[in-house]
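Input: a single structure, listed below in structure tokens.
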Amino acid sequence: MPEIGFLAHNWWVPVLYVLLVGHFTNICVTLYLHRSMTHQGVVFHPVVAHAMRLWLWLTTGMVTREWVAVHRKHHAFSDREGDPHSPAVEGFWEIMLGGVFFYRKATKDQAMLEKYGRGCPDDWIERNVYSRFSFAGILIVLGVDILLFGIGIGLLVWSFMAIWMPIMGNIINGAGHALGYRNFSTKDESRNLYPWGLWIVGEELHNNHHADPKSAKFKAHWWEFDIGWIYIRALSLVRLANVIYARGMSAKEFARKYYADKTEAAARKMEEVSKKAGEAARGIEQAMDRLDGTGGLDRAEA
Ligand SMILES: [Zn+2]
Ligand SMILES: [Zn+2]
Numbered sequence: 004m005p006e007i008g009f010l011a012h013n014w015w016v017p018v019l020y021v022l023l024v025g026h027f028t029n030i031c032v033t034l035y036l037h038r039s040m041t042h043q044g045v046v047f048h049p050v051v052a053h054a055m056r057l058w059l060w061l062t063t064g065m066v067t068r069e070w071v072a073v074h075r076k077h078h079a080f081s082d083r084e085g086d087p088h089s090p091a092v093e094g095f096w097e098i099m100l101g102g103v104f105f106y107r108k109a110t111k112d113q114a115m116l117e118k119y120g121r122g123c124p125d126d127w128i129e130r131n132v133y134s135r136f137s138f139a140g141i142l143i144v145l146g147v148d149i150l151l152f153g154i155g156i157g158l159l160v161w162s163f164m165a166i167w168m169p170i171m172g173n174i175i176n177g178a179g180h181a182l183g184y185r186n187f188s189t190k191d192e193s194r195n196l197y198p199w200g201l202w203i204v205g206e207e208l209h210n211n212h213h214a215d216p217k218s219a220k221f222k223a224h225w226w227e228f229d230i231g232w233i234y235i236r237a238l239s240l241v242r243l244a245n246v247i248y249a250r251g252m253s254a255k256e257f258a259r260k261y262y263a264d265k266t267e268a269a270a271r272k273m274e275e276v277s278k279k280a281g282e283a284a285r286g287i288e289q290a291m292d293r294l295d296g297t298g299g300l301d302r303a304e305a
């Protein structure tokens with residue numbers, strides 16, 4: 004039997020472990036919680052879906068229904084009163100540094116969970132294990148980390164894993180609604196964080212996502228990189244994922260159809276108004292001409 008801490012001899016092993024575990028957690032959040040459970044753009048084979056659910060319980064302690072409900076409410080009230088975590092409403096640094104507390108506060112609202120959390124798992128294991136003992140999973144992993152890396156490094160590795168998800172969430176909900184570029188003029192403040200957010204598995208393309216929430220594909224331009232979508236495509240190839248909807252049209256076409264540029268729309272509106280005003284003026288002139296019965300000749304002569 005290997006000794007306790009047998010993986011801690013080389014410094015790069017715990018580092019690689021944290022990065023791999025973190026990356027897999029990100030995959031489960033974006034593929035399972037977000038693109039599948041919340042927006043239903045993709046459905047996974049039950050074995051894959053459950054593996055991701057189990058992994059999230061072990062590494063984050065997040066309850067599917069709570070995450071889904073808070074996120075659906077975020078879409079319903081994006082960047083206005085009622086949004087559970089908007090930097091536009093609460094302040095940029097409040098969300099960047101303390102977004103997780105806004106999330107936790109929102110999950111206490113039972114009526115909100117009821118209203119926005121429909122369609123989430125409610126089987127035996129959910130009721131008796133995952134939801135009931137939501138923190139038991141991360142305690143099990145604490146034991147595993149200590150076995151693999153010893154008490155000191157094991158605790159350090161576990162701490163990084165424990166703060167991984169809150170940090171990720173804060174970046175997406177904070178910077179993803181304040182910094183970066185926009186492809187679509189959505190009503191909210193959503194932004195794409197590319198290229199700094201490559202490691203967030205596609206979630207950094209937050210403006211693309213808000214523009215078309217149901218789409219399982221977040222990338223909109225050929226040069227944008229959505230590794231989450233690559234994983235979904237790979238799973239579909241081996242029939243472990245079924246894509247319900249993924250935006251097919253180009254970003255330009257989609258923007259023109261649903262998010263015509265505001266200035267362009269305003270110019271069109273002005274043109275319409277002035278056309279109507281011109282028609283009305285001509286109508287008044289003709290009516291006056293008819294009234295005085297001179298066909299406008301008198302006025303011209305006057
Ligand atoms: Zn958002
Ligand atoms: Zn979403």
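The opening position of the sequence shown corresponds to residue 4 in the working numbering, with each subsequent residue numbered one higher.
Ideal Cβ placement from N, Cα and C applies to all residues, glycine included.
Quiz item: Beta-carbon separation of TRP60 and TYR133 under 8 Å?
Solution: yes
Self-check item: Endpoints, alpha helix (DSSP H) assigned at VAL160
Solution: 154 to 177
Practice problem: Measure the C-alpha to C-alpha separation of PRO90 and GLY281 and round it to an integer number of angstroms. | Solution: 45 Å
Quiz item: Among all the DSSP beta bridges, which residues are the ones paired with PHE47?
Solution: ALA244
Exercise. Could you check which residue in ALA214, THR41, GLU207 has the C-alpha nearest to that of TYR261?
Key: ALA214
Quiz prompt | Distance, LEU19 Cα to ILE7 Cα | solution = 19 Å
Self-check item: Coarse secondary structure for LEU196, derived from DSSP in three states
Solution: coil
Quiz item: Do the CB positions of VAL45 and ARG38 come within less than 8 Å of each other?
Solution: yes
Self-check item: Nearest neighbour of LEU36, chosen from ALA114, HIS77, THR67 [CA to CA]
Solution: THR67
Quiz item: Can at least three beta-carbon pairs, one atom from the region 130 to 149 and one from the region 112 to 120, be found at a separation below 8 Å?
Solution: no
Quiz prompt | Cβ neighbour criterion (16 or more within 10 Å) applied to GLU304 | solution = In this prediction, GLU304 scores a pLDDT of 39, lower than 50, which makes its location untrustworthy; the coordinate-derived value is nonetheless stated afterwards. Per the 10 Å Cβ criterion, exposed.
Exercise. Determine the contact status of TRP232 and GLY205, defining contact as a CB-CB distance below 8 Å.
Key: yes
Quiz item: Using a threshold of 7 Å, is the CB atom of PRO216 nearer than that to any non-hydrogen atom of ligand 2?
Solution: yes
Exercise. Could you tell me if SER81 is buried or exposed, where buried requires 16 or more neighbouring beta carbons within 10 angstroms of its beta carbon?
Key: buried
Exercise. Measure the CB-CB distance between PHE152 and LEU23 and report whether it falls below 8 Å.
Key: no
Quiz item: Just how far apart, CA to CA, sit SER188 and ARG236?
Solution: 28 Å
Quiz item: Sorry if obvious, but does the Cβ on SER188 come closer than 7 Å to a heavy atom of ligand 1?
Solution: no
Exercise. Could you tell me whether any non-hydrogen atom of ligand 2 is closer than 7 Å to the CB of HIS74?
Key: yes
Self-check item: Alpha carbon of VAL21 to alpha carbon of GLU275, nearest angstrom
Solution: 59 Å
Quiz item: For ASP86, which residues from the same chain have a beta carbon less than 7 Å from its beta carbon, with the 5 sequence-adjacent residues on both sides left out?
Solution: HIS77, PHE80, VAL92
Quiz item: Span of the alpha helix (DSSP H) holding GLU69?
Solution: 67 to 79
Quiz prompt | Bridge-paired residues (DSSP) for TYR184 | solution = ASN195
Practice problem: Please go through the region 6 to 48 and give each complete alpha helix (DSSP H) segment of 4 or more residues, from N-terminal end onward. | Solution: 15 to 30
Quiz item: Is the beta carbon of THR110 within less than 7 Å of some heavy atom of ligand 2?
Solution: no
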